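Residue numbers (our numbering), protein chains in the order written: chain F, 1 to 115; chain V, 1 to 115; chain X, 1 to 115; chain L, 1 to 115.
There are 4 protein chains.
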Amino acid sequence: MSSLQDLTAKVVAFRDAREWKQFHNPKDCALSLVLEAGELLEIFQWKNGDEIDATAVARRQDVADELADIFNWLLLIAHDQGIDLAQALTDKIAVNDRKYPADKAKGTSRKYTEL
Amino acid sequence: MSSLQDLTAKVVAFRDAREWKQFHNPKDCALSLVLEAGELLEIFQWKNGDEIDATAVARRQDVADELADIFNWLLLIAHDQGIDLAQALTDKIAVNDRKYPADKAKGTSRKYTEL
Amino acid sequence: MSSLQDLTAKVVAFRDAREWKQFHNPKDCALSLVLEAGELLEIFQWKNGDEIDATAVARRQDVADELADIFNWLLLIAHDQGIDLAQALTDKIAVNDRKYPADKAKGTSRKYTEL
Amino acid sequence: MSSLQDLTAKVVAFRDAREWKQFHNPKDCALSLVLEAGELLEIFQWKNGDEIDATAVARRQDVADELADIFNWLLLIAHDQGIDLAQALTDKIAVNDRKYPADKAKGTSRKYTEL
Chain F
1 MSSLQDLTAK VVAFRDAREW KQFHNPKDCA LSLVLEAGEL LEIFQWKNGD
51 EIDATAVARR QDVADELADI FNWLLLIAHD QGIDLAQALT DKIAVNDRKY
101 PADKAKGTSR KYTEL
Chain V
1 MSSLQDLTAK VVAFRDAREW KQFHNPKDCA LSLVLEAGEL LEIFQWKNGD
51 EIDATAVARR QDVADELADI FNWLLLIAHD QGIDLAQALT DKIAVNDRKY
101 PADKAKGTSR KYTEL
Chain X
1 MSSLQDLTAK VVAFRDAREW KQFHNPKDCA LSLVLEAGEL LEIFQWKNGD
51 EIDATAVARR QDVADELADI FNWLLLIAHD QGIDLAQALT DKIAVNDRKY
101 PADKAKGTSR KYTEL
Chain L
1 MSSLQDLTAK VVAFRDAREW KQFHNPKDCA LSLVLEAGEL LEIFQWKNGD
51 EIDATAVARR QDVADELADI FNWLLLIAHD QGIDLAQALT DKIAVNDRKY
101 PADKAKGTSR KYTEL
């Protein structure tokens with residue numbers, strides 16, 4: 001089993017072996033995350049309706065690769081900024097729980113400002 | 001301690017309580033991840049040199065919030081597509097280890113195609 | 001009628017009156033363009049099938065505003081780098097005309113590498 | 001000289017010769033614009049300080065190509081939605097002129113909400 005701590009240790013070790021920390025300011029790391037997220041989205045470009053799920057299945061390995069690239073930057077940025085990702089997510093869920101009360105938000109994709 | 005499994009269970013439970021699975025096709029989830037990644041990058045817009053790290057410190061809570069939003073989509077997409085994020089990341093590190101051999105890639109930000 | 005030259009003169013005059021040229025390095029201008037493009041895409045988040053065109057109609061003013069923001073950065077970057085946008089587009093169309101021959105590309109959304 | 005009308009006619013003719021209008025819903029066009037904007041930003045990934053302008057010069061043709069790709073989608077979306085780009089930009093400048101009064105915004109990169 002891999003904890004966030006173990007995975008973070010792996011990506012940091014990979015980076016340190018290449019002495020890449022010197023390039024990893026948070027702006028360029030965020031920029032890199034944006035570009036990888038774009039590569040994930042590109043998989044679904046021009047796909048609509050039933051093609052969307054079919055594409056996710058047909059290109060499952062590509063999806064996994066892009067998710068991994070995004071996860072890599074997420075772990076590195078969190079590590080560099082001393083942010084506990086699990087805690088940040090748990091806190092955010094608590095905030096969203098108030099913004100999107102289950103009874104009001106049920107079955108609608110509207111923004112909290114329109115509930 | 002929170003494992004990826006625990007965190008995934010939390011974001012899925014949040015979604016299920018709102019019956020939002022019906023909206024969560026992988027294209028719109030990827031699109032949402034791109035938009036959240038953009039919000040992270042926006043924190044560093046117009047910041048350069050020493051301002052970059054100073055901004056990361058001054059807006060640490062905003063950075064944590066955006067990382068959490070990105071993590072949320074990452075976990076949901078992986079869950080929906082039956083992708084083991086920890087395995088995907090470990091596999092990707094192995095691939096990158098061959099693309100960027102530590103001795104050749106040390107101290108350079110060049111792409112593997114230019115090493 | 002407004003030529004690209006006239007419109008460029010307008011956005012440059014707006015910038016100069018605020019002495020913002022000092023912030024406009026091409027990296028941050030490109031970053032700003034990415035963020036504005038994200039705002040355009042956000043209009044269509046969670047919209048699928050017939051909702052897509054309906055949303056474009058219902059939020060036509062928002063679409064126009066985002067296109068204007070993108071156009072603003074496009075004109076500024078081209079101006080700052082001494083790039084003739086009309087020529088760049090004409091050149092690109094010529095390149096794409098060879099990459100996507102009309103007889104092979106007709107009616108398919110495949111990439112040129114798959115034609 | 002090329003007006004926006006002439007350039008729009010060119011990109012629409014290119015599309016029509018390939019019968020691609022059927023794929024060009026505004027969501028996928030906006031998505032494509034986001035991806036092209038990402039390719040522009042990628043040129044400046046890991047570049048900082050003096051390297052930013054030096055990169056813009058060294059890769060001027062790449063910058064021109066990406067601006068052309070972005071411009072292509074901008075013109076197509078505006079055309080499809082019946083939006084006059086020149087008017088939209090002029091209107092937006094008028095709005096920004098009120099949001100960022102020259103005397104208050106001079107020499108600062110702050111958002112209008114912080115002026």
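We put the beta carbon where it would ideally sit given N, CA and C, even for glycine.
Please read all numbers here as calculations on a predicted model, not as lab measurements.
Pairwise C-alpha distance: X:Arg110 and X:Leu31: On the third sequence, position 31 is the one that residue 31 of chain X refers to. On the third sequence, position 110 is the one that residue 110 of chain X refers to. When rounded, the distance between both Cα atoms is 28 Å.
Minimum Cβ-Cβ distance from L:Gly49 to chain C less than 8 Å: This model lacks chain C altogether, as its protein chains are F, V, X and L.
Please state whether DSSP places V:Ser3 in a helix, a strand or coil. Counting from 1 along the second sequence, the entry for residue 3 of chain V is found at position 3. Here V:Ser3 sits in strand by DSSP.
Would you say X:Ser32 reaches chain V, if we count a Cβ-Cβ gap shorter than 8 Å as a contact? Residue 32 of chain X sits at position 32 when you count from the first residue of the third sequence. Against chain V, the CB of X:Ser32 has a partner CB under 8 Å away; the residue lies at that interface.
Length-filtered (4 minimum) alpha helix (DSSP H) runs lying within the segment 84 to 109 of chain V: Listed in chain order, the complete alpha helix (DSSP H) runs (minimum 4 residues) inside the segment 84 to 109 of chain V are 85 to 99 and 102 to 105.
In or out: L:Pro26 buried (at least 16 other Cβ within 10 Å) or exposed? As a working mapping, residue 26 of chain L is identified with position 26 in the fourth sequence. It counts as buried.
Regarding V:Ala9 and the ligand FMN, is the C-beta to nearest heavy atom distance less than 7 Å? Among the components of this structure there are no ligands whatsoever, and the ligand FMN is therefore not found.
How far does the alpha helix (DSSP H) with V:Leu115 in it extend, from its first residue to its last? Here residue 115 of chain V is taken as the residue at index 115 of the second sequence, counted from 1. V:Leu115: not part of any alpha helix (DSSP H); DSSP gives it neither H nor E.
Going by beta carbon distance, what residues of the same chain come within less than 7 Å of F:Asn72, once the five residues before and after it are set aside? Residue numbering aside, residue 72 of chain F sits at position 72 when the first sequence is read from its first letter. Closer than 7 Å at Cβ, skipping near neighbours: Val11.
Nearest-angstrom Cα separation, counted from V:Leu67 out to F:Asp91: Stepping through the first sequence from its first residue, residue 91 of chain F is reached at position 91. Stepping through the second sequence from its first residue, residue 67 of chain V is reached at position 67. Counting only the Cα atoms, V:Leu67 lies some 12 Å from F:Asp91.
Does any residue of chain X bring its CB to less than 8 Å from the CB of F:Ser109? On the first sequence, residue 109 of chain F is found 109 positions in, with the first residue counted as 1. Yes, F:Ser109 counts as interfacial toward chain X.
Going along the chain, which residues of its own chain have a beta-carbon closer than 8 Å to the beta-carbon of L:Ala64, five neighbours each way excluded? Within the fourth sequence, the letter at position 64 stands for residue 64 of chain L. Scanning its chain for C-beta atoms nearer than 8 Å, with the 5 sequence neighbours on each side dropped, one finds no residue around L:Ala64.
Alpha carbon to alpha carbon, what distance is there between F:Ser3 and F:Ile93? In the first sequence, the residue the question calls residue 93 of chain F occupies position 93. In the first sequence, the residue the question calls residue 3 of chain F occupies position 3. In a straight line, the C-alpha of F:Ile93 is about 20 Å away from that of F:Ser3.
Straight-line CA distance for X:Ala54 to L:Ile43? In the third sequence, counting from the first residue as 1, residue 54 of chain X sits at position 54. In the fourth sequence, counting from the first residue as 1, residue 43 of chain L sits at position 43. Distance between the alpha carbons of X:Ala54 and L:Ile43 is about 36 Å.
Quick check: the Cα distance between F:Arg15 and V:Arg60, rounded to an integer number of angstroms? Here residue 15 of chain F is taken as the residue at index 15 of the first sequence, counted from 1. Here residue 60 of chain V is taken as the residue at index 60 of the second sequence, counted from 1. Taking the straight line from one Cα to the other gives about 23 Å.
By a C-beta neighbour count over all protein chains shown, 10 Å radius and 16 as the cutoff for buried, is X:Asp69 buried or exposed? For the purposes of this step, residue 69 of chain X is identified with residue 69 of the third sequence, where counting begins at 1. Buried, since its Cβ has 16 or more Cβ neighbours within 10 Å.
Which residue from F:Leu115, F:His79 and F:Leu74 puts its Cα closest to that of V:Leu85? Here the question's residue 85 of chain V lines up with position 85 in the second sequence. Ranking F:Leu115, F:His79 and F:Leu74 by Cα distance to V:Leu85 puts F:Leu74 first.
Using the three-state DSSP reduction, which class does V:Lys27 fall into: helix, strand or coil? The residue labelled residue 27 of chain V in the question sits at position 27 within the second sequence. Reduced to three states, the DSSP call for V:Lys27 is helix.
Distance between V:Lys104 and X:Gln45 (C-alpha atoms, nearest Å): Residue mapping note: residue 45 of chain X aligns to position 45 of the third sequence, counting from 1. Residue mapping note: residue 104 of chain V aligns to position 104 of the second sequence, counting from 1. Each residue's Cα considered, the two are about 42 Å apart.
Would a C-beta distance cut-off of 8 Å place L:Ile77 and L:Cys29 closer than the cut-off? Within the fourth sequence, residue 77 of chain L is the residue found at index 77, counting from 1. Within the fourth sequence, residue 29 of chain L is the residue found at index 29, counting from 1. Less than 8 Å divides the Cβ of L:Ile77 from the Cβ of L:Cys29.
Applying the 10 Å Cβ sphere with the 16-neighbour rule, what's the burial state of V:Gly38? The residue you call residue 38 of chain V lines up with position 38 of the second sequence. Buried, by the Cβ-count rule.
Residue from F:His79, F:Leu115 and F:Asp50 whose Cα sits closest to the Cα of F:Asp6: In the first sequence, counting from the first residue as 1, residue 6 of chain F sits at position 6. Ranking F:His79, F:Leu115 and F:Asp50 by Cα distance to F:Asp6 puts F:His79 first.
For F:Ile52, I'd like the list of residues in its chain whose CB is within less than 8 Å of its CB, leaving aside the five on either flank, ordered along the chain. As a working note, residue 52 of chain F is residue 52 in the first sequence. Once the five neighbours on either side are set aside, the close Cβ partners of F:Ile52 are Phe44.
Under a CB-based cut-off of 8 Å, is F:Trp46 close to chain X? Position 46 of the first sequence holds residue 46 of chain F. Judged by the 8 Å Cβ criterion, F:Trp46 is in contact with chain X.
How about F:Arg98 and V:Lys106: are their beta carbons less than 8 Å apart? Numbered from its first residue, the first sequence carries residue 98 of chain F at position 98. Numbered from its first residue, the second sequence carries residue 106 of chain V at position 106. Contact annotation: F:Arg98 and V:Lys106 have beta-carbon atoms that are not nearer than 8 Å.
Classification of F:Lys47 by the beta-carbon crowding that lies within 10 angstroms, buried from 16 upward: Within the first sequence, the letter at position 47 stands for residue 47 of chain F. By the neighbour-count rule (16 or more Cβ atoms within 10 Å), F:Lys47 is buried.
Taking DSSP as the reference, what is the three-state secondary structure of X:Lys10? For this step, residue 10 of chain X is matched to residue 10 along the third sequence. The answer is helix: DSSP assigns X:Lys10 an H, G or I state.
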